[in-house]
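Enquirer:
Protein chains: 2
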Amino acid sequence: MEAIEQANRAAVGRMLEADPVLIDVVPACEAIPALADGRKILHAGPPIEWDRMCGPMRGAIAGIAVFEGWSAGLDEATAMAAEGAFEFHPNHHFGAVGPMTGMTTRSQPVMVVENRTFANRAYCTVNEGLGKVMRFGGNDAQVLKRLAWLRDVAGPLLAKALRECGGIPLKSLIARGLSMGDEMHQRNVACSGLLLRELAPALARTSQDVQLLAELLSFMGGNDQFFLNVGMATGKAIMDPVRGIECSSIVTAMSRNGTDFGIRVSGTGDTWFIAPVEMPEGLYFPGFTETDSNPDMGDSTIVETIGLGGFAMGAAPAVAGFVGAGAASEAGNYTRAMTEIGYGENPEWTIPALDYLGVPTGIDIRLVVETGIAPTINTGIAHKEPGIGQIGAGVVRAPMDCFKQALRAFADEMGVSGQ
Amino acid sequence: MEAIEQANRAAVGRMLEADPVLIDVVPACEAIPALADGRKILHAGPPIEWDRMCGPMRGAIAGIAVFEGWSAGLDEATAMAAEGAFEFHPNHHFGAVGPMTGMTTRSQPVMVVENRTFANRAYCTVNEGLGKVMRFGGNDAQVLKRLAWLRDVAGPLLAKALRECGGIPLKSLIARGLSMGDEMHQRNVACSGLLLRELAPALARTSQDVQLLAELLSFMGGNDQFFLNVGMATGKAIMDPVRGIECSSIVTAMSRNGTDFGIRVSGTGDTWFIAPVEMPEGLYFPGFTETDSNPDMGDSTIVETIGLGGFAMGAAPAVAGFVGAGAASEAGNYTRAMTEIGYGENPEWTIPALDYLGVPTGIDIRLVVETGIAPTINTGIAHKEPGIGQIGAGVVRAPMDCFKQALRAFADEMGVSGQ
């Protein structure tokens, strides 16, 4: 139907016209004023209440409640959560995204990505690094200490530097990262380095304490996934202006909370289409197996929504081995498969090894259902128990049922019978 | 012959056992005491005198003579050079290497790479960046001002940081760069970034002046080829312990001065086998054509000698387009061709996109002559006139005649008749 074609052209047009710039780091309650009052906890994925939350999500909630001073300890926090002492909302409902458990609360620093074309902003916390971290359900003293350092040291230093240099444009930086082996989900070493080198002079100019500066440079330089959260905020900033385009069948968000997988589609507004989340297939760190693993989790699938992650696997042959996705030389096959469900290709985000094929851009729910090809997602794997952390990395498919439900609702909206 | 096999095994073994570490930056006359006396100028390539030097080499010599205070201006320097006022030697004769014209003189800062396995050291100046620079024959006030800044600001800051952190191990850093699209000759953006992020904390800790620190971070972060000179010193540090192994037919150096191409072979000691240098085939910057170009130049072919550059083209599909070497998706073919003339593969320097094929390592002159496959070199192209600079990038072959001469000499050495 011509109306759908036109709407999808407009939707993908907005994606391609986006101009995301990392401009600031501020306390979450400044970026999202609603967080200032009450005990609000934003989490990854579609809406969910405590009784349905998975282990690592519960672990992260207990940890963040202690961090925010709402509970004296993890046990008390867990009891309070079960009694309804905290208010839970998806990050996506407040212009934010968060990896894995995706905790966002009032005092955490969030990075601000402004989409200069459409003047909207999106937020994501600062990546904590690897190992035992809150996004994978970690919640012990070491995890909380790192969060405090991010709040008290890293956040303010990054903020000063970003304000001084006028922000870091992300579209060209991501383009560069694609030529350097990153797919921006499970591999961000190039973009993390590019961001560091862009920001380092401003950090030096605005830093009063060289010891703290050295700490921050060391933290950023030692964290190959630092850019993940920047890429996620970029994804949210790109996709928010695509929401609510009448007749568009383009996916605006894919997200999971460890229990459910949810998608949103432009033409059907802010409705979540939800199905049980799948279990990633992947490789486990020594000492862990798939029996330890939690189902797929996090808002990080926003990067696939914009054509990165599993969609850009061809840019990152080294990722294929890391996530157990077969031979490195065949990584391009994942990208080629995703072109089947993408509305178009991004001419500015290209993959040299595929002779500069643009990443598949704009997931069309009609194509997903027609072809039976679900979006490929590169993901981290959390232990299913609270307090443990990451145990592997893998590949997972978005559940087909989300797309089928969405297509039925979309057809209703269009006044035609569903397929 | 078994003696040759054994010698080559030993030669390539030494290459693979090498442990290059960037440990310091010092004035060249400290690293190479012979430079302290007289007006000595080290240049790229095999030995050459003024009357046979190409335009950009002459331009660089005039510039460096002014920089060192030996001449009041470029014309005077040129006249002095013609009258024999300067002493010319190859970098290779003093444990050094230099890109393109390869000027090394007493007061320039040189980076020190120590091969910890064999306790030898190699030196290379600090990369000047792109555009009009001395290595491409540039010699105006702006070029000399940058050299002064490298001497007075960058060199001392880098030295302090390297001493404080105990040096940066380069073997693993290069391995990482190969998974990030670098081949370490015409593309060094990944390794430059990895080096910056490794060094930044120490730079912060040892820097007294945040303004100068910011200048250095900005210079390093803005120079995608910063690592080239580090990679070259790495190559020299790796290959020097391979020199002079009786019965070994492995190439220990390939180098060119813009007039001649020279190679050295382990079993024939320090003899240069020389042939006229070839003209690169490549792509030119706007406004320039092949009629402007100077024949191939520089000691940078030391990176091909250790299996990088043209030998690692498969790691860097984006380079293929930049140097005009055909489709990006076929970059791997260059690497595969080089396995025909390489004695072995490097298990620690692998190329993900080629399913972790190790880079071809140890150029065997017997295989070069037998197969008729000359080493592929990725190179920058200089304008043939002095004072202009880089005008493009391309691919060039090492002249087959060098290898034929070397094989004859090698056969004589072995007491068998030449092929």
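Heads up: the protein sequence lines correspond to chains A and B, in order. One rule links them: number in the numbering used here = place in the first sequence (from 1) + 62. One rule links them: number in the numbering used here = place in the second sequence (from 1) + 62. Even glycine gets a Cβ: it sits at the ideal position worked out from N, Cα and C. Keep in mind the model is a prediction, meaning the values are calculated, not measured.
1. For residue 195 (chain A), which three-state DSSP category applies?
2. Does the beta-carbon distance from residue 230 (chain B) to residue 257 (chain B) come in below 9 Å?
3. Residues of chain B with CB under 9 Å from residue 272 (chain A), in chain order?
4. Taking the continuous beta strand (DSSP E) assigned at residue 335 (chain B), which residues delimit it?
5. Could you give the first and the last residue of the continuous alpha helix (DSSP H) run that contains residue 137 (chain A)?
6. If you draw a straight line from the alpha carbon of residue 218 (chain A) to that of residue 349 (chain B), how long is it in whole angstroms?
7. Applying a beta-carbon distance threshold of less than 9 Å, which residues of chain A neighbour residue 331 (chain B)?
8. Rounded to a whole number of angstroms, what is the C-alpha to C-alpha distance between residue 456 (chain B) and residue 438 (chain B)?
9. Please tell me whether residue 256 (chain B) has its Cβ less than 9 Å away from any Cβ of chain A.
10. For the segment 380-395 of chain A, which residues have a beta carbon sitting closer than 7 Å to at least one beta carbon of chain C?
11. Any Cβ of chain A within less than 9 Å of the Cβ of residue 77 (chain B)?
12. Can you list, in chain order, the residues of its chain whose CB lies under 7 Å from that of residue 480 (chain B), leaving out five sequence neighbours each side?
13. By DSSP, does residue 229 (chain A) sit in helix, in strand, or in coil?
14. With DSSP as the reference, label residue 315 (chain B) as helix, strand or coil.
15. Give me the chain A residues within the contact set of residue 251 (chain B), using Cβ-Cβ distance strictly less than 8 Å, ordered along the chain.
16. Closer than 8 Å by C-beta to residue 380 (chain B): which residues in its own chain qualify, once you throw out the five before and the five after it? Chain order, please.
17. Quick one: which chain B residues come within Cβ less than 7 Å of residue 418 (chain A)?
18. Quick check on residue 236 (chain A): does DSSP put it in helix, strand or coil?
19. Thinking C-alpha only, which one of B:403, B:423 and B:118 is nearest residue 411 (chain B)?
20. Write down every uninterrupted run of the alpha helix (DSSP H) in the segment 240-297 of chain A whose length is 4 residues or greater and which is fully enclosed by it, in chain order.
21. Taking Cβ-Cβ distances shorter than 7 Å, what residues in chain A pair up with residue 260 (chain B)?
22. Counting C-beta neighbours from all protein chains within 10 Å, is the total for residue 146 (chain A) 16 or more, i.e. buried, or is it exposed?
23. Which bits of chain B does residue 415 (chain A) rub up against, with CB to CB less than 7 Å?
24. Could you spell out where the alpha helix (DSSP H) holding residue 112 (chain B) opens and where it closes?
25. My output table needs one value for residue 452 (chain A): the three-state DSSP class, helix, strand or coil.
26. By how many angstroms is the C-alpha of residue 262 (chain A) removed from the C-alpha of residue 210 (chain A)?
27. If I follow the unbroken beta strand (DSSP E) through residue 173 (chain A), where does it start and stop?
28. Label residue 233 (chain A) either buried or exposed according to how many other C-beta atoms from any shown protein chain fall within 10 Å of its C-beta, with 16 as the threshold for buried.
29. Pick out whichever of B:442, B:461, B:440 and B:446 has its Cα sitting closest to the Cα of residue 431 (chain B).
30. Could you compute how far the alpha carbon of residue 386 (chain B) sits from the alpha carbon of residue 344 (chain B)?
31. Take the Cβ of residue 401 (chain B) as the centre, count every other Cβ of all protein chains shown within 10 Å, and call the residue buried at 16 or more, exposed below.
32. So, for residue 91 (chain B): in the same chain, excluding its five sequence neighbours on each side, which residues have a beta-carbon less than 6 Å away from its beta-carbon?
33. Which residues mark the beginning and the end of the beta strand (DSSP E) in which residue 185 (chain B) is found?
34. Check whether the Cβ atoms of residue 360 (chain B) and residue 106 (chain B) sit closer than 9 Å, and answer yes or no.
35. From residue 122 (chain A) to residue 101 (chain A), what does the alpha carbon distance come to, in whole angstroms?
36. Need the endpoints of the beta strand (DSSP E) that residue 440 (chain A) sits in, please.
Expert: On the basis of the data shown:
1. The DSSP-derived three-state label of residue 195 (chain A) is coil.
2. For residue 230 (chain B) and residue 257 (chain B), yes; Cβs fall inside 9 Å.
3. Correct list: 266, 267, 268, 269, 270, 272 and 275.
4. Taken as a continuous stretch (DSSP letters only), the beta strand (DSSP E) holding residue 335 (chain B) covers 335-338.
5. From DSSP, the alpha helix (DSSP H) with residue 137 (chain A) extends over 136-144.
6. Residue 218 (chain A) and residue 349 (chain B): Cα-Cα distance of roughly 47 Å.
7. Neighbours of residue 331 (chain B) in chain A, taken as residues at a C-beta separation under 9 Å, are lacking, since the least C-beta distance is about 41 Å.
8. Computed Cα separation, rounded: 10 Å.
9. It does: the Cβ of residue 256 (chain B) has a partner Cβ on chain A nearer than 9 Å.
10. Although the question refers to chain C, the structure presented lacks it and instead comprises the protein chains A and B.
11. Not one chain A Cβ lies under 9 Å of residue 77 (chain B).
12. Caution is warranted here: a pLDDT of 45 is assigned to residue 480 (chain B), below 50, making its placement in the model unreliable, and no coordinate value can be reported.
13. The answer is coil: DSSP assigns residue 229 (chain A) none of H, G, I, E or B.
14. In this structure, residue 315 (chain B) counts as strand in the three-state DSSP scheme.
15. When 8 Å is used as the limit between beta carbons, residue 251 (chain B) is near these residues of chain A: 238 and 242, in chain order.
16. Around residue 380 (chain B): 243, 249 and 390.
17. Correct list: 390.
18. Collapsing the DSSP output to three states places residue 236 (chain A) in a helix.
19. The shortest C-alpha separation from residue 411 (chain B) is found at B:423.
20. Within the segment 240-297 of chain A, the complete alpha helix (DSSP H) segments of 4 residues or longer fall at 251-268 and 272-283, listed in chain order.
21. In chain order: 283.
22. Classification of residue 146 (chain A): exposed, given that the 10 Å Cβ count is below 16.
23. Correct list: 379, 390, 391 and 415.
24. Bounds of any alpha helix (DSSP H) do not take in residue 112 (chain B), whose DSSP letter is neither H nor E.
25. DSSP places residue 452 (chain A) in strand when its eight states are reduced to three.
26. Distance between the alpha carbons of residue 210 (chain A) and residue 262 (chain A) is about 22 Å.
27. Per DSSP, the unbroken beta strand (DSSP E) holding residue 173 (chain A) starts and ends at 171-177.
28. With 16 or more Cβ atoms within 10 Å of its Cβ, residue 233 (chain A) is classed as buried.
29. Comparing Cα-Cα distances from residue 431 (chain B) to each of B:442, B:461, B:440 and B:446, the minimum goes to B:461.
30. In this structure, the alpha-carbon of residue 386 (chain B) lies about 5 Å from that of residue 344 (chain B).
31. Within a 10 Å sphere around the beta-carbon of residue 401 (chain B) sit 16 or more other beta-carbons, which makes this residue buried.
32. If we look at residue 91 (chain B) and ignore the five residues flanking it on each side, its Cβ neighbours are 97, 98 and 168.
33. It spans 182-187 - the beta strand (DSSP E) in which residue 185 (chain B) sits, taken as one unbroken run.
34. Yes; because the gap between Cβ atoms is below 9 Å, this pair is in contact.
35. Answer to the nearest angstrom: the Cα atoms are 15 Å apart.
36. Here the beta strand (DSSP E) through residue 440 (chain A) covers 438-444.
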